[in-house]
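Chains as they are written, first to last, in the numbering used here: chain F, 11 to 266; chain B, 319 to 1161.
Right under this line is the structure:
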């Protein structure tokens, strides 16, 4: 599969950060993790966030996903402004509108694959949409293993369960935090394929933090962060192109 | 290695908190008990030494009051002879018995068992050396009495007041001549003491001119033993003389014996509490070792031997135990002090004395604390030693492998099986030997259950899971699964609770069963509306029975006079009753003959006795009466056993000529209109408003017999509370560990939308599930044990039937659930407050 012009482009933003800043500590020990970042994550698009360690890429994702608080600026998921929300409302928002894929899979060892997949719906107290579930499970190729527990699944299979879990509740946006970080390259490629398919075929919106140029090449768009600022953007990236751009960080050092 | 151990202790302060608390509480219980009993027996010893301080020799008479041929005690003549001996300064003769003092409202002062009366025996100087008068002087003549200070204060009596005093006869009013203080032990323990004029007391309690005891005081510089040697030849065969020193020593020994019994009971409960603590400690060290797998493997890789690893863990445990014991000892001393002032607050008067701190409690506290902790850490220490060096190289955190539980379960199954067989066998055997077998079986069964509990946890908790899911949704579902994730840990936690509840339930079942049997026997056997008896020791006077018979509304009165007759060569217990009334006040089922025979001076005997001796109605039985007179009584009726009748019943009149001081335990009264307030008042009035008489209706009768059981049950509950408290700490500990280990999971759940409320609920429900599981196991085993022990005493309790106190058991289970909720407060809060991002990133 190669990236072609069939990419579905929408004009509205599924999530948007405006003038977003995040500062840790005070005085001399102050660290600016995000420095007035403004960015749109468009509906039906697969966005990768890249940057060297400490560039603020994870912090950006955490803030936009409602997992972390920010110092100033604003974040919207769909029409909802996150800034004024209390923990309870944020939790509800994450439950209903956001899906997550973590680096360490984070499945519950006591639940079967099937139960892990429907966990967000269970939490919300909603009945799963049978047709949609079938489609998702088929897509990630888990049909034969729904009764297994995580300990009986390989790393790749576990992450596929995690992808399915993120998709079942049809969230407005899915965030992935280094989703292939713990996988070998073949399993990683599979998982990335599913994520891209979910965008292409199901119209899902996906935002993924990664430091792997090959993973980034699955995305429709790559945003580069350095020192808490967005320094570049690349549409329809290739692995080589991303790698070259990343190399620039090493040679040029700080970019503004 | 010592340094490593010390560092580990310091690094895990928070996680060791519950362990320290558990050991501390157990040790405090032990050292508190020891210090308290030491202090108390010291105070008692001092007091008894003081009360015999100036006594050279004391003489006691063991004369049989029923033996009319012999002298009833020590005569005045004997006393005078003793008084004329060389070196004797004074001789005081003593008689004593029951005397109840009414307060101005007519109520008895004191508890009945501690209301004493005695004689005021002035020496030549007009003073009685045993009593020091603060106000007024000693009683003189038939109209005067003196009261001890405490009683006078309680009744607000001043010298010159009229005081109503009840002895075994009717109540009388006396003038208060004086108020005194004394070293008398019973008075110092909170009893009341009324002093009468010497002649009055002798007439009341013995016989004019006679004493039951002589107190001999020596002139300065005379050897007590010399006086003893001189006194002894003057006494008849019923008198025994002892020196004051000897008596003080004897009393001290008696106190010691009583104390050591209390001591052992308290220490037994402390032992249970510490035993429960073992589970908590073992859990903690298992977790610490599991978390340190990599570190331990690394030490093994760089050359530490298995022994060194085990030793390191044990040293760590010993350090924790030492610190906890020291704090626990301090707490125990505080507990001992608090207990003493607590007893004072409850009007339990204890003699004063300094706090006694010997080395024994400190050494035992330290030994117990360190040994228990080290013992509990022994298995985890061995497990640590088994970690292979290669575990250090694995990148993935090596989770301790869940070894198959097959071996464990087989052992547990066999132990429990043996225990259960022994318990059932013991129940079938009955009696003392059966109870011993049950105790041994109970031990095996309990150990077996503890070993088996991890296996039981899965199916039992699986049973409630659907309920959890239905009621609490996803939080309930996750909690149910989390509870069985680490079966060993869940098992150990639940075991701690199960032990306490086994004992509590066993006791409750026994209590309820015996209580119900007593209820049944009173309602089945008594027809009377009222039972009248004295508040203290000693029985009713015949005049009281006669007075009851004359009271308005009374339709039948029968006394229960206890006596003995030798019938056909064997001595039998006899009830002396009023013929014609006995079957109106008691439910007597006649098998053969008729109770009318009693009116003709004939005998009635119980069915069992008649069967044993082969007697039939109409038999003439050769009889020897209490005064050795011989005669013949005819058997007129055979009745079914009744709890309130001896195996032989005769009319009082048959016994009267042979017994001038009948011992009437109680009287049964049937009244027109049943038990009403007016009827009760009529009886009280008929008795002359006597404060020493108790008029009990059916309810009071049942309470009287069942009350002791309830008091004992409540005491046991109180003592077991410590074990339960430690079990609760265990639940807190386990939950805190679970939350700590599952940080990442909880972070993920929070990220995908589980709100704080439900995170808390999840943790809480896990705690509830574990606690209730432990409680269910304990209740089941406890009910089983209660049944078994009940079977062994069934023979001695007529109308015995097993009663399961469902209400109480329900309360236990609900309490266990509440305990779970309470124990999870802190772990649930910390789970809900967890920083999501840190949690997800952990590892």
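Using N, Cα and C, we set each Cβ at its ideal position, and we do this for glycine too.
Predicted model, so just to flag it, every value in this text is computed and none were measured.
Limits of the beta strand (DSSP E) - the one that residue i falls within
| i | result |
| --- | --- |
| residue 356(B) | First-last for residue 356(B): 331–369, but that is the alpha helix (DSSP H), not the beta strand (DSSP E). |
| residue 490(B) | 489–500 |
| residue 243(F) | 239–245 |
| residue 429(B) | Note, residue 429(B): premise wrong, no beta strand (DSSP E); not H, not E. |
| residue 234(F) | 231–236 |
Contact list for residue i against chain B, beta-carbon separation under 9 Å
| i | result |
| --- | --- |
| residue 43(F) | In chain order: nothing, as chain B lies at least about 12 Å away. |
| residue 102(F) | 1071, 1073 |
| residue 135(F) | 791, 792 |
| residue 98(F) | 1073, 1074, 1075 |
| residue 105(F) | 1070, 1071, 1072, 1073 |
Chain-ordered chain F contacts of residue i [CB-CB under 9 Å]
| i | result |
| --- | --- |
| residue 803(B) | 119, 120 |
| residue 1027(B) | Neighbours of residue 1027(B) on chain F: none; closest Cβ ~47 Å, over 9 Å. |
Residue(s) in a DSSP beta bridge with residue i
| i | result |
| --- | --- |
| residue 893(B) | 880(B), 967(B) |
| residue 911(B) | 955(B) |
| residue 308(B) | Coverage of chain B is limited to positions 319 through 1161, which leaves residue 308(B) absent and any answer about it impossible. |
| residue 453(B) | 497(B) |
| residue 515(B) | 438(B) |
| residue 692(B) | Answer by DSSP bridge pairing: none, since residue 692(B) is not bridged. |
| residue 313(B) | In this structure chain B extends from 319 to 1161, so residue 313(B) is not present and cannot be described. |
| residue 218(F) | 58(F), 186(F) |
| residue 1(F) | Outside the modelled stretch of chain F, which goes from 11 to 266, sits residue 1(F), for which no answer is possible. |
| residue 85(F) | 27(F) |
| residue 110(F) | 185(F) |
| residue 1011(B) | 852(B) |
Boundaries of the alpha helix (DSSP H) in which residue i is found, first to last residue
| i | result |
| --- | --- |
| residue 940(B) | Premise fails: residue 940(B) lies in the beta strand (DSSP E), 938–942, not in any alpha helix (DSSP H). |
| residue 703(B) | 696–703 |
| residue 204(F) | 195–212 |
| residue 97(F) | 97–107 |
| residue 792(B) | 749–801 |
| residue 309(B) | The requested residue 309(B) does not occur in the structure, where chain B is confined to residues 319 to 1161. |
Beta-carbon neighbours of residue i, restricted to chain B and to distances below 8 Å
| i | result |
| --- | --- |
| residue 207(F) | By Cβ distance, chain B contributes nothing, its closest Cβ being about 22 Å from residue 207(F), past 8 Å. |
| residue 132(F) | 791, 792, 795 |
Residues that residue i contacts on chain F, provided the C-beta gap is smaller than 8 Å
| i | result |
| --- | --- |
| residue 800(B) | 120 |
| residue 779(B) | Chain F residues near residue 779(B): none, gap ~12 Å exceeds 8 Å. |
Proximity test, residue i beta-carbon vs the ligand SAH heavy atom, cut-off 8 Å
| i | result |
| --- | --- |
| residue 1125(B) | This structure does not include the ligand SAH; it has no bound ligands of any sort. |
Under 7 Å by beta carbon: chain F residues contacting residue i
| i | result |
| --- | --- |
| residue 614(B) | Correct list: empty, because the minimum Cβ distance to chain F is about 24 Å. |
| residue 1088(B) | Per Cβ cutoff of 7 Å: no residues; residue 1088(B) is ~15 Å from chain F at best. |
Neighbouring residues, chain B, relative to residue i (Cβ below 7 Å)
| i | result |
| --- | --- |
| residue 245(F) | By Cβ distance, chain B contributes nothing, its closest Cβ being about 30 Å from residue 245(F), past 7 Å. |
| residue 112(F) | 1066, 1158 |
| residue 156(F) | By Cβ distance, chain B contributes nothing, its closest Cβ being about 17 Å from residue 156(F), past 7 Å. |
Query raised in the report: So does the region 33–44 of chain F actually touch the region 201–212 of chain F, counting three or more Cβ pairs closer than 8 Å?
Result: no
Query - Residues in the region 1062–1077 of chain B having any Cβ partner in chain F nearer than 9 Å - result: 1062, 1063, 1065, 1066, 1067, 1068, 1069, 1070, 1071, 1072, 1073, 1074, 1075, 1076
Query raised in the report: Do the region 879–893 of chain B and the region 1047–1065 of chain B meet, that is, are 3 or more Cβ pairs less than 8 Å apart?
Result: no
Requested in this report: Scan the region 165–197 of chain F for residues whose Cβ lies nearer than 7 Å to a Cβ of chain B and list them as they occur along the chain.
Outcome: none
Query - Where the region 71–85 of chain F meets chain B: residues whose CB sits under 7 Å from a CB there - result: 72, 77, 78
Query raised in the report: In the region 1138–1155 of chain B, which residues sit with their C-beta less than 8 Å from some C-beta in chain F, listed in chain order?
Result: 1154, 1155
Query raised in the report: Does the region 331–343 of chain B come close enough to the region 597–605 of chain B that 3 or more CB-CB pairs lie under 8 Å?
Result: yes
Requested in this report: Count the CB pairs spanning the region 986–995 of chain B and the region 864–883 of chain B that are closer than 8 Å, and state whether there are at least three.
Outcome: yes
Report task. Please determine if the region 726–743 of chain B and the region 784–792 of chain B are in contact, where contact requires at least 3 C-beta pairs separated by less than 8 Å. Result -> no
Requested in this report: Spell out a yes or no on whether the region 498–509 of chain B and the region 450–469 of chain B are touching, meaning 3 or more CB-CB pairs, one atom from each, closer than 8 Å.
Outcome: yes
Query raised in the report: Counting Cβ pairs, one atom from each stretch, are 3 or more of them under 8 Å apart for the region 560–569 of chain B and the region 365–380 of chain B?
Result: yes
**Report entry** chain B contacts made by the region 47–62 of chain F, where a contact means CB separation under 7 Å
**Finding:** none
Query raised in the report: Can we say the region 580–587 of chain B touches the region 1018–1027 of chain B, given the rule of at least three CB pairs closer than 8 Å?
Result: no
**Report entry** the region 101–113 of chain F in contact with the region 122–134 of chain F per 3-pair CB rule at 8 Å
**Finding:** yes
Query raised in the report: Is the region 677–697 of chain B in contact with the region 752–772 of chain B, if contact means three or more CB pairs nearer than 8 Å?
Result: no
Query raised in the report: In the region 577–588 of chain B, which residues sit with their C-beta less than 9 Å from some C-beta in chain F, listed in chain order?
Result: none
Requested in this report: Please confirm if the region 72–86 of chain F is in contact with the region 225–241 of chain F, defined as three or more CB-CB distances below 8 Å between the two stretches.
Outcome: no
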